Amino acid sequence: MKSFLLSMLFACSATLASATSITVLPETSTGNAVAARNAWILSTLGVNWNPVMLENFEGFGYGPYNSLSTGAGTFSVAPGSQAGDPQQSNGTHTDQFTILNSSDTPFSGRFNTTSGGSNWLDSNDITRMQLTTSASTLFFFITDVGDCGGVLQIQTADGTTYTFPSFSNYAGDGNLYFVGINSASSIGSVKWLNNSGNDGFGMDDFGTAVDPPPPPPAVPEPASWPVAAAGLLAIPLIRKFRSRSSRSPETSA
Numbered sequence: 154m155k156s157f158l159l160s161m162l163f164a165c166s167a168t169l170a171s172a173t174s175i176t177v178l179p180e181t182s183t184g185n186a187v188a189a190r191n192a193w194i195l196s197t198l199g200v201n202w203n204p205v206m207l208e209n210f211e212g213f214g215y216g217p218y219n220s221l222s223t224g225a226g227t228f229s230v231a232p233g234s235q236a237g238d239p240q241q242s243n244g245t246h247t248d249q250f251t252i253l254n255s256s257d258t259p260f261s262g263r264f265n266t267t268s269g270g271s272n273w274l275d276s277n278d279i280t281r282m283q284l285t286t287s288a289s290t291l292f293f294f295i296t297d298v299g300d301c302g303g304v305l306q307i308q309t310a311d312g313t314t315y316t317f318p319s320f321s322n323y324a325g326d327g328n329l330y331f332v333g334i335n336s337a338s339s340i341g342s343v344k345w346l347n348n349s350g351n352d353g354f355g356m357d358d359f360g361t362a363v364d365p366p367p368p369p370p371a372v373p374e375p376a377s378w379p380v381a382a383a384g385l386l387a388i389p390l391i392r393k394f395r396s397r398s399s400r401s402p403e404t405s406a
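Take a look at the structure:
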């Protein structure tokens with residue numbers, strides 16, 4: 154919790170004149186990012202809310218993709234996007250994104266964050282991506298942001314925007330952030346807007362949070378149950394009385 158509070162000083166939740174907030178927390182390990190996610194859910198939504206994973210990209214091949222339907226929604230190349238720089242980018246130099254793992258990535262610093270997994274969604278150094286989603290709460294991990302001098306923005310459908318810090322000496326290679334987005338209604342869309350074609354990023358472990366329904370209340374004992382029970386107990390006695398009455402000899406005057 155202490156590291157979460159310290160990170161919050163750096164994070165800067167982005168909230169405009171809308172009901173959407175974007176919280177970004179720098180973390181030093183996947184374990185710390187998971188802890189930050191849990192703390193964010195607790196502080197934002199309350200004690201009864203639990204994380205639910207929507208997409209970890211383990212079921213997808215390399216691509217490349219113009220559009221990809223996933224458990225988190227549909228990822229696509231956003232209008233106005235440009236391919237990675239043909240001279241500097243190590244990507245495909247096409248205006249598409251990919252699914253990578255450690256064995257086939259041409260980039261350093263981007264990595265899987267799923268425990269026991271290997272894949273992540275990679276921007277392939279394109280400048281604009283978007284996710285269409287019906288969720289009102291969304292979280293994910295993002296890696297390798299701004300390590301080549303680019304500036305990345307996250308923007309939701311209502312215009313709420315978070316801009317990652319601009320580093321004078323570039324961010325460290327392989328950096329990791331937790332991102333949490335919460336809205337009073339459906340987020341609608343999330344865009345990743347980059348000003349560089351040589352400074353992409355990876356994303357993994359998209360999820361949401363749910364409030365489990367309370368357990369059903371104990372069924373109260375109806376007032377009629379004791380009466381019904383007494384009636385059931387009386388049935389054998391009534392039958393026994395009738396049986397004796399039918400066997401009694403008739404009396405004559």
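So in our numbering, the last spot in the sequence shown is 406, and the numbers never skip.
Each residue gets a CB set at the ideal place from its N, CA and C atoms; glycine is no exception.
Note that this is a predicted model, so its numbers are computed, not measured.
Next item on the list: Report the rounded CA-to-CA distance for proline 217 versus valine 205, giving the unit in angstroms.
Entry: As a first step, residue 217 is located in the sequence shown; it is residue number 64 there, counting from the start. As a first step, residue 205 is located in the sequence shown; it is residue number 52 there, counting from the start. Spanning the two alpha carbons is a distance of roughly 27 Å.
Check: threonine 316 to proline 232, Cα distance in whole Å?
Finding: What you label residue 316 is simply residue 163 of the sequence shown in a count that begins at 1. What you label residue 232 is simply residue 79 of the sequence shown in a count that begins at 1. Whole-angstrom Cα-Cα distance: 19 Å.
Check: Along the chain, where does the alpha helix (DSSP H) that runs through threonine 183 open and close?
Finding: Within the sequence shown, numbered from 1, the residue matching residue 183 stands at position 30. Where threonine 183 is concerned, the enclosing alpha helix (DSSP H) stretches over 183-198.
Notebook entry, point to check: Could you give the residue range of the beta strand (DSSP E) that holds valine 205?
Noted result: In the sequence shown, the residue the question calls residue 205 occupies position 52. Residues 203-208.
Note to self: Within the continuous beta strand (DSSP E) that includes isoleucine 279, where are the two ends?
What the structure shows: One-based indexing of the sequence shown puts residue 279 at position 126. Note, isoleucine 279: premise wrong, no beta strand (DSSP E); not H, not E.
Item checked: Residue nearest to glycine 244 in terms of C-alpha spacing, selected from Phe359, Met356, Gly350 and Ala371 -> Taking the first residue of the sequence shown as 1, we reach residue 244 at position 91. With distances taken between Cα atoms, glycine 244 lies closest to Gly350.
Checklist line | CB of serine 174 within 9 Å of CB of serine 336, strictly | finding: Your numbering for residue 174 matches position 21 in the sequence shown. Your numbering for residue 336 matches position 183 in the sequence shown. Yes, the pair counts as a contact, with Cβ atoms nearer than the cut-off.
Item checked: Residue range of the unbroken beta strand (DSSP E) whose run includes glycine 360 -> In the sequence shown, the residue the question calls residue 360 occupies position 207. Element bounds for glycine 360: 355-363.
Margin query: For proline 276 and threonine 251, I'd like the C-alpha separation in whole angstroms.
Written below: Position 123 of the sequence shown, counted from the start, is the residue given in the question as residue 276. Position 98 of the sequence shown, counted from the start, is the residue given in the question as residue 251. Note that residue 276 is serine in the sequence shown here, rather than proline. One C-alpha to the other measures close to 7 Å.
Next item on the list: Please go through the same chain and pick out, in chain order, the residues whose beta-carbon is closer than 8 Å to the beta-carbon of methionine 282, but skip the five residues on each side of it.
Entry: In the sequence shown, residue 282 corresponds to position 129, counting from 1. Closer than 8 Å at Cβ, skipping near neighbours: Phe228, Ser229, Val230, Ala231, Ser234, Phe250, Ser276, Lys344 and Trp345.
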